[in-house]
Structure formats: structure tokens, C-alpha cells
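Following: one structure in C-alpha cells, then a few remarks.
Protein chains: 2
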Amino acid sequence: MNSHDGATEKSDADETAAAHRVVIIGGGFGGLTAARTLAGEKGIDVTLVDKRNFHLFQPLLYQVATGALSPRDVASPLREVLRRNKNTRVLLGEVSDIDVQARIVVLRDSSGDAAAQNQVPYDTLIVATGLVSNYFGRDDWEPLAPGLKSIEDATEVRARLLMAFENAERTTDPAMRRAMLTFVVVGAGATGVEMAGAITEIAADTLPIEFRSIAREKARVLLLDAGPRVLAAFHEKLSAAAERDLRGMGVEVRTSTLVREVDEGGVVVERAAAPGGDAAASADGRERIDAGLVVWAAGVRGTPLVASLSAKTGAPLTRQGTVTVNEDVTLPGHPEIFVIGDAAHFAHDGALPLPGVAQVAIQQGRYAARVVASRLAGQNLPAFHYEDRGSMATIGRAKAVADLGWMQMTGFVAWLAWLFVHLLFLVGYENRVLVLTQWAWYYVWRRRSARLITSRQALETP
Amino acid sequence: MNSHDGATEKSDADETAAAHRVVIIGGGFGGLTAARTLAGEKGIDVTLVDKRNFHLFQPLLYQVATGALSPRDVASPLREVLRRNKNTRVLLGEVSDIDVQARIVVLRDSSGDAAAQNQVPYDTLIVATGLVSNYFGRDDWEPLAPGLKSIEDATEVRARLLMAFENAERTTDPAMRRAMLTFVVVGAGATGVEMAGAITEIAADTLPIEFRSIAREKARVLLLDAGPRVLAAFHEKLSAAAERDLRGMGVEVRTSTLVREVDEGGVVVERAAAPGGDAAASADGRERIDAGLVVWAAGVRGTPLVASLSAKTGAPLTRQGTVTVNEDVTLPGHPEIFVIGDAAHFAHDGALPLPGVAQVAIQQGRYAARVVASRLAGQNLPAFHYEDRGSMATIGRAKAVADLGWMQMTGFVAWLAWLFVHLLFLVGYENRVLVLTQWAWYYVWRRRSARLITSRQALETP
């Protein structure tokens with residue numbers, strides 16, 4: 003990487019030298035909100051860098067994985083979303099490095115084009131890179147148990163889910179058939195709960211009508227979590243309600259259960275030792291579960307870029323790989339670098355650090371943008387304050403839980419609230435129309451039609 | 003492959019021994035129509051084998067490649083389409099061989115499951131395997147210039163098309179920028195014409211609004227064909243109208259032009275020598291065209307399975323790799339084997355062989371099913387007769403040509419007809435609603451939102 007002094011850097015900006023250059027890394031909830039908030043600001047040039055060309059609505063990714071929605075429904079092209087923001091430029095590229103001294107974002111040279119713009123200088127940097135799946139040191143499990151963080155994850159899970167049904171239909175061996183109709187979801191947070199519920203529904207709706215050999219079979223869905231209850235981030239009352247609903251649908255909920263091994267044929271699990279107990283004593287308590295699909299929803303962690311940023315600035319990195327930010331979501335000693343959303347560890351406002359949910363990212367993105375604009379106007383903003391609007395998870399058709407803090411909802415009312423909120427925050431009017439159409443269709447007919455096996459990998463080694 | 007004698011084969015069928023077993027290979031227009039026509043037939047068991055789990059509406063595949071529709075919109079899960087057909091079983095698998103003596107379809111063992119059902123005995127076989135892209139001996143061109151036959155083809159073309167725009171935006175080299183904004187479509191049949199029109203539209207709609215560096219650039223779209231006119235299968239009047247419309251949109255139409263070389267950076271083309279002229283004399287007339295995307299719509303050919311069927315039965319194979327069928331679309335000496343749709347060469351009804359269009363496949367699928375049912379009832383049907391309902395191609399927004407034989411239409415009326423017919427033949431009510439919604443949206447807003455770069459390959463080597 004070249005090192006630039008201030009003079010060289012300034013001359014790069016040519017006719018826009020007067021404008022304050024804001025570079026945003028990541029077009030998720032946080033980054034996109036920051037860009038939109040800065041849209042009308044005079045004297046500010048925004049560059050949004052993302053390695054993908056679309057904003058992904060991650061909360062509905064599990065619906066792509068279970069064939070209810072298709073990828074385009076939960077994705078909006080960043081250029082289209084930001085097309086009217088005349089001060090905003092979108093750059094498709096993967097960030098390989100951040101030169102915090104020279105204030106330059108360096109892009110990986112992937113196109114083989116010697117003239118490609120690979121250095122993006124900034125006056126203010128907003129890092130919104132989110133999180134990736136965390137296999138807790140067992141990255142070799144990733145190909146065996148895909149997570150649910152990207153479109154490709156979702157289509158891969160969808161292909162494996164559907165191939166398991168197909169393999170069950172084609173085999174003549176009852177043991178193989180049972181294994182293929184066994185689905186393991188690791189991690190009982192919102193994503194895991196939603197996944198387990200949706201797999202149960204698709205099996206119940208589809209098997210008896212669409213299959214001949216396995217029409218009378220019942221799928222077995224296991225939802226595992228190392229902790230003592232599902233939806234640990236929710237009110238205990240809602241955890242209990244969700245577990246009751248899941249069990250009512252036929253999901254085997256196993257809390258305090260650890261995954262010890264993952265292989266191509268399934269998982270090995272073990273009851274967690276009681277606190278203070280001897281873990282080794284339970285070694286005989288291991289159980290093998292043959293499964294047609296293992297989905298990993300057990301954890302997330304920060305990106306390597308955030309770790310390198312921590313190393314360069316001295317900002318503390320958490321065990322989860324997120325970086326600890328100041329009260330104004332900047333890094334210590336670097337007021338020009340904001341880290342927002344899932345990538346940031348913010349623990350000023352209350353006792354607990356803020357959760358990794360869309361609302362935190364959205365509010366921090368808006369806040370960071372306002373701080374930038376205020377500074378240029380010579381004003382100061384108070385510290386970031388998170389306004390908790392609650393969290394929700396859907397369990398199945400007309401079943402959900404919603405925790406608004408001051409109020410807990412379950413059942414149909416919570417599901418309606420979930421539906422409304424997700425449509426509201428979905429980016430793009432056309433996407434809302436398409437999603438609503440498909441949800442209505444599914445509600446009436448119980449048919450999930452986005453069931454395409456399209457992963458090349460799945461085709462070659464099903 | 004095991005060889006089976008008649009007795010063994012019969013005993014395989016156990017309790018359904020009395021039923022006549024029809025096996026259909028391929029769930030395209032022909033195979034699906036055959037299965038649906040046989041739905042209510044008593045005494046007939048149908049097994050539909052396909053290597054994909056969905057029916058693909060190929061005529062709209064170019065709209066997926068250009069971001070107007072998403073894969074699910076043009077695909078319908080075969081199990082869902084056939085869910086009410088109680089006498090029909092769907093089997094996901096790739097046919098590796100057909101034992102015409104033992105009357106067994108052999109599936110490739112891809113799941114690693116020793117107990118998987120890999121042998122499917124038949125009493126009647128309907129082969130409807132369609133065609134694949136034909137590179138005329140230059141299969142090494144396939145990765146450089148993808149065709150448009152599968153969902154994966156379409157998402158690959160879409161990724162390359164969008165990456166070309168992105169690379170043009172990111173480069174600082176004007177020559178590279180021009181190359182990236184040059185798009186070459188090889189083959190001016192319906193698919194090529196539709197592709198060229200759609201690329202021109204997406205560039206015109208998108209560049210000035212969504213890009214900053216290349217906002218004032220104009221994309222260059224070339225439509226090449228070895229023959230003397232576009233849409234050679236249509237009435238000459240319509241060829242002329244289509245060419246006029248394409249040129250009006252800015253497409254460079256080059257007929258009588260041969261592609262001599264394809265590489266990662268573009269193509270080398272040459273004017274076809276005049277009939278009787280010396281081809282070598284024009285060697286200096288070669289021209290190199292640097293391009294950001296090359297799409298192959300130049301030709302199609304039969305599958306290896308059809309070639310092996312020809313070798314086994316002695317039915318003549320055409321140069322295109324299709325098999326010549328009898329007047330009742332069966333193979334000579336094998337009244338139990340039907341070959342229908344694109345895979346069949348049928349030249350009885352008129353002077354010219356039937357074209358490779360959906361209507362031929364649909365009508366032959368219905369006919370084959372009726373012949374099977376009639377035979378069981380001890381009746382005979384007259385030879386297959388194709389009822390030509392015409393063909394159509396769309397050139398752009400509100401522009402199309404339609405050839406009904408007795409009447410030719412162009413412009414808005416033809417486009418409305420095109421729209422109506424395609425919605426009518428699209429499989430699945432939900433798909434129709436979704437497609438209509440998106441077409442209406444596009445018609446009003448000129449926005450194609452299914453513009454996701456999702457191909458892993460494109461991500462790694464853009």
C-alpha cells in the first residue's frame with residue numbers, strides 16, 4: 003500500500019476538494035441509513051463501498067432458505083436505492099485495508115484492471131461491516147452446516163433442505179429415509195427459532211401432498227441451544243411461549259445442549275454439564291443424530307477488517323470480534339472513524355451492550371450521519387442514545403412473539419405486528435408489494451413456491 | 003448396468019403390476035404437458051424424471067438475465083405443479099442410460115445412497131429432454147460466452163452484465179470503460195433479439211440515473227448473426243421491422259457476420275464471404291471487438307441421451323443432434339418410445355421440419371399422452387399434426403413482432419399479444435401475479451430490480 007501525505011491526498015479530490023468526503027463501508031441497515039441521512043447535506047460527498055451490489059434485508063433471509071421468498075424479494079440494488087442521492091456514489095468492491103494515517107480505504111483489486119480505482123480517500127469513515135457466522139474455532143464445520151448471513155447461504159440451505167426431501171423420496175432404505183427427514187438447527191436465537199418453525203411447516207404442508215413414497219412420513223426438526231432457553235434475548239415469558247409454540251408444532255427443542263461434532267451425515271450432541279459439574283463425567287452422554295440438513299444459527303462474530311481496525315487504532319476488540327466504540331460511536335483517538343451497527347460494541351447507555359439488531363444499526367447510522375453534518379456546522383451532538391423499540395421473532399403461520407419492553411405480545415397479534423414492521427422496514431416499494439403478495443398467497447394456500455434447487459454445489463454433490 | 007429379462011422386470015412392479023407404467027424424461031413444456039394429459043387416466047402410472055426440481059419457462063429466461071424477473075418467477079416446482087395428479091410420481095435424478103431392451107431408465111447415482119432407486123422400469127417411455135447450447139465444436143467458448151438455457155446461465159449472464167457496468171464505473175481508463183460498456187450478443191433468433199433489446203434498455207434506463215462516473219456514457223450493443231437477417235424463422239417483413247426497431251434503439255445489427263474467436267476480453271468477427279466467394283480472401287476483414295459481456299444465443303443441439311437413444315434404436319440422428327421420429331412421434335421399431343419437443347426431428351407434416359418452439363412440444367406432449375391412453379383402450383390415433391399458432395419475439399418496452407402465419411403484427415399490438423400469450427402459458431397462478439406485477443412496475447418506472455450479482459464465480463473472478 004502506498005502511503006500518502008495530506009497534500010497528495012487533497013489533490014486527489016480535484017474539483018470536489020471543498021467537499022467533505024464521507025466513505026461508508028457496508029450497505030446494510032447502518033451504512034444505508036447513514037448514506038440516506040447524508041443525502042441532502044451540502045458540502046458533503048458520500049461514497050458507499052460494498053462488496054455486494056445490493057442491500058440485504060437479513061431478518062427475512064430464513065424465508066429465502068425455506069422457499070417462501072426469493073432472493074430478489076429481500077435484496078435491493080444499492081444503486082437503485084440511492085439513485086436520487088446526487089451527492090452519493092456507490093462503489094462495488096471489497097475493502098482490503100484501511101490506512102488510518104493517510105485516511106484511505108484500499109479496495110482489493112479483483113477485476114484485473116490496472117486502472118481500477120483502488121484507493122478511496124476519506125475525511126470521515128463510517129464502518130458498518132456487520133457480522134459473519136461464528137463457528138467458534140471450528141471453521142471446518144462451515145461447509146457442513148451453512149449459516150444464514152448471505153443470499154448464497156440462504157440458497158445453499160434451501161437446496162440442501164429440498165435435496166433432503168428428494169433423497170428421502172428416492173431411497174428405499176428406511177434408516178436413510180429417517181435421516182434425510184431429520185433437520186437440525188443449531189442455535190435458538192431469532193433466526194434459529196424462525197428456521198425451525200419454517201422447516202416444520204414446509205414439511206407438514208408439502209410431504210403429504212407433493213410426495214408419494216414419503217407422504218405419510220413426518221419430518222423431525224431439532225432446535226439445539228447451548229443456553230437454558232430459546233430466544234435468550236427476549237423476556238422469559240416470551241421464551242416460554244415460543245418454546246411451547248414450537249413444541250406444539252412438533253419441534254424437538256433441546257436447550258443446554260452442546261454440539262460436539264458436525265460431519266456430512268449429521269451431528270453429535272451432548273447435554274451441557276450443570277454449572278459447577280464435571281463436564282468430563284457426561285462424556286458418555288453423547289448422542290449421534292443423523293440428519294439431512296444442519297443449519298448453523300449459533301453465533302456471529304466481527305469481520306477481519308474490524309479486527310485490523312482495532313489493532314491499528316488501539317480500540318479494544320471484544321471476544322466476539324466487535325470493536326468497542328466511544329459514546330459517539332467513534333473510535334478512541336479517531337473522531338473521524340465511526341463504527342456502527344453489529345460491528346460495534348456499545349455499552350455506555352445501560353448495563354448491557356446493545357444487541358445486534360437492525361434497530362441499533364439504523365439508529366447509529368442516522369446518529370453518525372448527524373454528527374458529521376453537525377461538526378461541519380460547528381455544532382456538537384450529545385452522546386448516542388439507543389431507543390429500544392423492542393424485538394420480535396416469528397414462529398410460524400400466525401404465531402410470533404414480540405417484546406416491546408413495556409409490553410409482551412404472543413400469538414396472532416404479535417404475528418401481525420411482526421408482519422407490519424417487516425414490511426415497513428423492507429427497502430423498496432416493489433419488494434413490499436411482492437413480499438406481501440407471496441405472504442398472502444402462502445397464508446391462504448400454504449404453498450411455498452420459491453423452492454428451486456439452484457446451487458451448483460448441491461447439484462454436483464447432493 | 004444390470005440386464006433384466008421380462009420376468010424380473012414385471013416382478014419389480016409388485017402391486018402396481020396391472021398399471022401401465024409411463025416414464026417421462028424431462029419436465030419442460032413437452033414432458034409436463036404429457037404428464038398433465040395423463041393425469042386422470044385410470045390404469046396408468048406416470049413417473050416424471052427430471053434432473054431439476056422445477057419446470058423452467060425458457061421463453062422468459064432472458065428477462066432473468068437482464069434483471070427484470072427473478073429465477074422463481076420463471077420456474078415452478080414440478081411437485082407443486084403435479085401435486086393433484088395422484089397417478090404421477092416425480093423423481094429428481096439425472097438419466098445416465100436407457101436400457102431399451104429391458105425397458106428401464108437408469109438414473110445416475112449422485113447421492114451416494116446405496117439404497118437409492120436408480121432403475122425405473124417403463125412400459126411406455128416419453129423422452130422430452132430438450133436442447134442444450136451449441137458451440138459448434140468450440141465448447142471451450144462456453145465459459146467465455148454463456149448461453150441462455152438454464153437458470154444458472156441466466157444468473158451468470160446477469161452477474162456478468164452488471165459486473166461490466168460496475169467495472170466501467172470503477173476504472174479510470176477510457177479504453178477499458180468503452181470495452182466494459184460493449185455487449186455482444188451472438189445469434190439473432192428470438193432469444194438474441196430479446197437479449198439485445200433488453201440490454202440496450204437496461205443501459206439507457208440505468209446508466210444516467212444510477213451511475214456517477216459513467217452517467218453520460220452510452221452502452222454499445224452488437225447483435226451478430228451468421229445469416230442474412232434477424233429472426234430468420236419469421237416472415238421477412240417482420241425481420242425487417244425487428245431490425246428497424248433494434249437499430250432505432252441503438253443496437254448495432256450485423257448480419258452475415260461470423261464469430262471467429264472468443265476470449266476473456268471480447269470476440270473476433272468476420273463478414274461472411276458472399277456465396278461462391280473465396281472465404282480465405284476475407285481473412286484480412288477480421289475485426290476485434292473488446293466487450294464486457296458476450297452472450298451465446300447462436301444455436302442449440304440435442305442431448306447426449308438422445309444421441310445414445312438414436313444409436314440404440316437405429317433412429318436417424320440429425321446434424322443438430324435431434325432424433326428423427328415417426329409420424330406418431332415414436333422411434334422406428336419402438337412404438338413404446340416417444341421423443342417429443344425440441345429433442346425430436348419431425349418432418350412429416352410439411353416440407354420443413356417443425357421448429358424448436360414451446361407450442362410444438364406442448365402439442366406433441368398432449369398427442370403422445372393421448373396415443374398411450376388410446377392404445378390401452380384398443381384404439382388408434384391419426385398421425386401427429388402440428389397446428390401452427392405462430393411465433394413472436396419482443397424487442398423492447400412496447401415493441402414486438404408476432405407472426406401468426408395468416409397475419410403479421412408489429413409494435414404495441416404485437417407486444418400486447420406477446421404479453422398476453424406469455425402470461426397465459428406461464429405455469430402457476432402465483433407466478434403470473436408476480437410477473438404481471440413486475441412488468442407493470444417496469445412499464446411505469448423503467449426499473450429492473452432483480453439486479454443481484456449472486457454468482458459465486460462472478461464474485462471470485464469478476
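Keeping their order, the protein sequence lines are chains A and B. Mapping the first sequence onto the working numbering, position 77 (from 1) lands on 79, and the numbers just tick up by one. Mapping the second sequence onto the working numbering, position 175 (from 1) lands on 177, and the numbers just tick up by one. Where is the CB? At the ideal position from N, CA and C, for every residue including glycine. In this text the structure is predicted, and so the values were computed from the model without any measurement.
query, result
"Interface positions of the region 54-66 of chain B facing chain C (Cβ-Cβ less than 8 Å), listed along the chain", "Looking for chain C here will not work: the only protein chains present are A and B."
"Spatial distance of R162(B) from K239(A) (CA atoms)", "50 Å"
"A360(B) beta carbon less than 8 Å from that of I342(B)", "no"
"G287(A) burial status per 10 Å Cβ neighbour count (16 or more: buried)", "exposed"
"Interface partners of W443(A) on chain B, CB under 7 Å", "E432"
"Cβ neighbours of A300(A) in the same chain (closer than 7 Å, five flanking residues each side left out)", "V188, G189"
"Under 9 Å from the C-beta of D175(A): neighbouring residues of chain B", "D115, A116, A117, A118"
"Paired residues, beta bridge with G268(B) - DSSP", "D265(B), D292(B)"
"Coil, strand or helix - G304(A) by DSSP", "strand"
"P337(B) in three-state terms, based on DSSP", "strand"
"6 Å CB neighbourhood of T439(A) in its chain, flanking five on each side removed", "none"
"Classification of P148(B) by the beta-carbon crowding that lies within 10 angstroms, buried from 16 upward", "buried"
"Cβ of E43(A) within 8 Å of any chain B Cβ", "no"
"Neighbour-count burial assignment, P79(A), 16 or more Cβ in a 10 Å radius", "buried"
"Cα-Cα separation between F167(A) and G229(B), rounded to whole angstroms", "47 Å"
"Span separating the alpha-carbon of S284(B) from that of A118(B)", "Any answer about S284(B) is weak, because its pLDDT of 48 lies below 50 and its placement is not dependable; what the coordinates show is given next. Spanning the two alpha carbons is a distance of roughly 57 Å."
"Neighbour flag for E82(B) against chain A, beta carbons, 8 Å", "yes"
"Spatial neighbours of A293(B) in its chain, beta-carbon cut-off 7 Å, leaving aside the 5 residues before and after", "A181, T184, F185, V186, G268, V269"
"Amino acids of chain B, ordered along the chain, whose beta-carbon sits closer than 7 Å to that of I26(A)", "None at all; the shortest Cβ gap to chain B is about 15 Å."
"Buried versus exposed, by CB contacts within 10 Å (16 or more), N382(B)", "exposed"
"Under 8 Å between C-beta atoms of L146(B) and V232(B)", "no"
"Member of R54(B), L94(B), A67(B), K88(B) whose CA lies at the smallest distance from the CA of G42(B)", "K88(B)"
"Within-8 Å CB hit, I455(B) to chain A", "yes"
"Segment contact, 8 Å Cβ cut-off, at least three pairs: the region 372-387 of chain A with the region 60-68 of chain A", "no"
"L93(A): contacting residues in chain B (beta-carbon distance under 7 Å)", "R172"
"Neighbour-count burial assignment, Q365(B), 16 or more Cβ in a 10 Å radius", "buried"
"Beta-carbon proximity of T131(A) to T305(A), cut-off 8 Å", "yes"
"Cβ neighbour criterion (16 or more within 10 Å) applied to F422(B)", "exposed"
"Residue range of the unbroken alpha helix (DSSP H) whose run includes D207(A)", "192-212"
"Identity of the residue in H237(B), L225(B), A243(B), R246(B) nearest T259(B) by Cα", "L225(B)"
"Stretch-stretch touch, CB-based, cutoff 8 Å, three pairs: the region 387-400 of chain B with the region 195-209 of chain B", "yes"
"Minimum C-alpha distance to K151(A) - residue among I46(A), D52(A), T49(A), L62(A)", "L62(A)"
"Contacting positions in the region 204-221 of chain B - beta carbon closer than 9 Å to chain A", "T208, I211, E212, F213, R214, S215"
"Which of helix, strand or coil DSSP assigns to T412(A)", "strand"
"Neighbouring residues, chain A, relative to P148(B) (Cβ below 7 Å)", "Those do not exist, as P148(B) stays about 13 Å from chain A at its closest Cβ, beyond 7 Å."
"Contact set for R262(B): own chain, Cβ-Cβ below 7 Å, skip 5 residues either direction", "V270, V271, E272, R288"
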